[in-house]
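Asker:
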Ligand code: AMP
Ligand code: MG
């Protein structure tokens, strides 16, 4: 399989990435394959059984450790780079598009610093799931082709099982890839990287049109973060080395979907000041784009940089409003809808209601005039009554059944929530991969009800809430 991959990024040479032989894992076993992705990439003839991926998943291969740096929690760290993953090459699909393959957990590289180069089962499984979920919601994301466990153990807070995923992405170029060359004053390499991105991601742009590149990063990042906010996704570690130049959700750690609607939610328990809390994500997106623009400042003048960055807020606000309107079943966006959405969110926050399920509940109410169990408080609340009255006035030209149907095709019933993932991880650690398969199918088609969904449509109980997610992975 590996000999079918192209080596496109590799031609950039030693300043960009180092060839590394992966360190094989003992007793590696491919436990889950993402067949939908296999189909989509046209890989069916190459991957018929797990055996076809086993050699790669067990780290019996070689690849490139990419060099980058970046701002971590607001502080520049010049010493980053792939410390535990290798770019294996690019798969070209039938339309000619290139897809990077990256083996995460491949062993040490020249950039590992003190790390062991491995990834653990728990976080690999979480990464395998989240790309599928975001993709199903229409949010740009890297994905995972397969998930493998091993018999090797690695030390984190306790000993854990080492694992690998094969990550598939349109790009592994980060904001931090540009920062690397800017802060090292390697300006020719910076330009070469920008030219590579223009050629690969914006083939229609004129050579040297670096503003087009920054515009793309701004537009795609604004859309990605608007949709995170709309669907209640908290990334948790928005360092600039975890921001993809093409605006794909990238490098997952302690991510979480909101349970109750709480804008101050922080999924990363190492983030003591809430820099990457849910409500901060749009601001941090702009902060990160500023860091990128600064790194591109040898290629563009100040006015161009400013002009590109100025587009961010409006694009983000527009995408957010459009998406929230769709979630509420509204076909178009009017000025007064901004307040309508804000008041709905206020209600959810005051009553501590489940964020994503609230939109399904609202659709049920439209359809049958009754609230599902968990949302009954909305029936006996003056503020809610007022809001529902305004909402009905707003939606009245539309047929309620049709609106409810549209809402159900945009509002997910199934998400890889922390408590579901925890249940799947625990079962898999006890040798039962059934729940893993079941949840994977649910989140790949999150809008329709699945029979035997093992309760994956349910909110967490009070004791399930606030599961502690550490940054260690
Ligand atoms: P992350 O938190 O996964 O974005 O990683 C931040 C940096 O630390 C990247 O340069 C990683 O390659 C590196 N890193 C994370 N975990 C390990 C590990 N177990 N071994 C070596 N490097 C690591
Ligand atoms: Mg990272």
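In my numbering, the protein residues as written are 65 to 537.
Ideal Cβ positions, reconstructed from N, Cα and C, are used throughout, including at glycine.
Does the distance from the CB of residue 480 to the CB of residue 194 come in under 7 Å?
Answerer: yes
Asker: Return yes when the C-beta of residue 189 is under 6 Å from any heavy atom of the ligand AMP, and no when it is not.
Answerer: no
Asker: Taking only three categories from DSSP, how would you classify residue 150?
Answerer: strand
Asker: Can you tell me whether residue 365 is buried or exposed, with buried defined as 16 or more other CB within 10 angstroms of its CB?
Answerer: exposed
Asker: Taking the beta strand (DSSP E) that residue 224 falls in, what are its first and last residues?
Answerer: 223-233
Asker: Using only CA atoms, which one of 89, 85, 83 and 116 lies nearest to residue 99?
Answerer: 116
Asker: Helix, strand or coil for residue 435, going by three-state DSSP, please let me know.
Answerer: In the structure shown, residue 435 sits in coil (DSSP, three-state: anything other than H, G, I, E or B).
Asker: Beta carbon of residue 335: closer than 6 Å to some heavy atom of the ligand AMP?
Answerer: no
Asker: Residues in the same chain with beta-carbon distance under 6 Å from residue 231, minus the five sequence neighbours each way, listed in chain order, please.
Answerer: 166, 168, 206 and 208
Asker: Kindly provide the chain-ordered list of residues whose Cβ lies closer than 7 Å to any non-hydrogen atom of the ligand MG.
Answerer: So the residues near the ligand MG by this Cβ test are 303, 305, 306 and 315.
Asker: Is any non-hydrogen atom of the ligand AMP found closer than 6 Å to the C-beta of residue 148, if you look at the structure I gave you?
Answerer: Under cutoff, so the answer is yes.
Asker: Would you tell me roughly how many angstroms separate the C-alpha atoms of residue 147 and residue 331, rounded to the nearest one?
Answerer: 24 Å
Asker: Between which residues of its own chain and residue 160 is the CB-CB distance below 8 Å, once the five residues before and five after are set aside?
Answerer: none
Asker: Could you check if residue 139 is buried or exposed, using at least 16 other CB atoms within 10 Å of its CB as the buried criterion?
Answerer: exposed
Asker: Could you compute how far the alpha carbon of residue 443 sits from the alpha carbon of residue 437?
Answerer: Cα to Cα, the separation comes out at about 11 Å.
Asker: Can you determine whether any heavy atom of the ligand AMP sits closer than 6 Å to the C-beta of residue 134, and answer yes or no?
Answerer: no
Asker: Am I right that residue 304 and residue 349 are in contact with their C-beta atoms under 8 Å? What's the rounded C-beta distance?
Answerer: The pair is not a contact, with the Cβ atoms about 11 Å apart (cut-off 8 Å).
Asker: May I ask whether a heavy atom of the ligand AMP can be found less than 6 Å away from the beta carbon of residue 195?
Answerer: no
Asker: If you run the structure through DSSP and keep just helix, strand and coil, what is residue 213?
Answerer: DSSP, read as helix, strand or coil, puts residue 213 in strand.
Asker: Is the number of C-beta pairs between the region 317-325 and the region 233-245 that are closer than 8 Å three or more?
Answerer: Under the Cβ criterion (8 Å, minimum of three pairs), the region 317-325 does not count as touching the region 233-245.
Asker: Using DSSP bridges, identify the partner residues of residue 70.
Answerer: 154
Asker: Spatial neighbours of residue 151 within its chain, please: CB distance less than 7 Å, with the 5 preceding and 5 following residues excluded, ordered by chain position.
Answerer: 73, 81, 127, 128, 130, 164, 166 and 236.
Asker: Use the C-beta contact count for residue 96: other C-beta atoms within 10 angstroms, 16 or more gives buried, fewer gives exposed.
Answerer: Burial call: buried.
Asker: Between 358, 504 and 176, which lies nearest to residue 101 when the distance is taken from Cα to Cα?
Answerer: It is 504 whose Cα lies nearest to the Cα of residue 101.
Asker: Which residues in the same chain as residue 295 place their Cβ atom closer than 6 Å to its Cβ, once the five residues preceding and following it in sequence are excluded?
Answerer: 201
Asker: Say yes only if the C-beta of residue 180 is nearer than 6 Å to one or more non-hydrogen atoms of the ligand AMP, and no if none qualify.
Answerer: Residue 180: yes, Cβ under 6 Å from the ligand AMP.
Asker: Under a Cβ-count criterion, where at least 16 other Cβ atoms within 10 Å of its own Cβ denotes burial, should residue 465 be classed as buried or exposed?
Answerer: exposed
Asker: Can you list the alpha helix (DSSP H) stretches of 4 or more residues lying completely in the region 328-406, in chain order?
Answerer: 345-359, 366-374 and 376-391
Asker: Could you work out which residue in 176, 435 and 119 is closest to residue 91 when comparing CA atoms only?
Answerer: 119
Asker: Looking at the strands, I want to know which residues DSSP matches up with residue 306.
Answerer: Residue 306 pairs with nothing; no bridge assigned.
Asker: Using three-state DSSP, classify residue 287 as helix, strand or coil.
Answerer: helix
Asker: Is residue 414 closer than 7 Å to residue 397 when the C-beta atoms are compared?
Answerer: no
Asker: Looking only at its chain, what residues have a beta carbon closer than 7 Å to the beta carbon of residue 477, apart from the 5 residues adjacent to it on each side?
Answerer: If the five residues before and after residue 477 are omitted, its C-beta is found closer than 7 Å to the C-beta atoms of 424, 510, 511, 513 and 521, all from its own chain and listed in chain order.
Asker: If we ignore side chains and look at the alpha-carbon of each, how far apart do residue 282 and residue 258 end up?
Answerer: 15 Å
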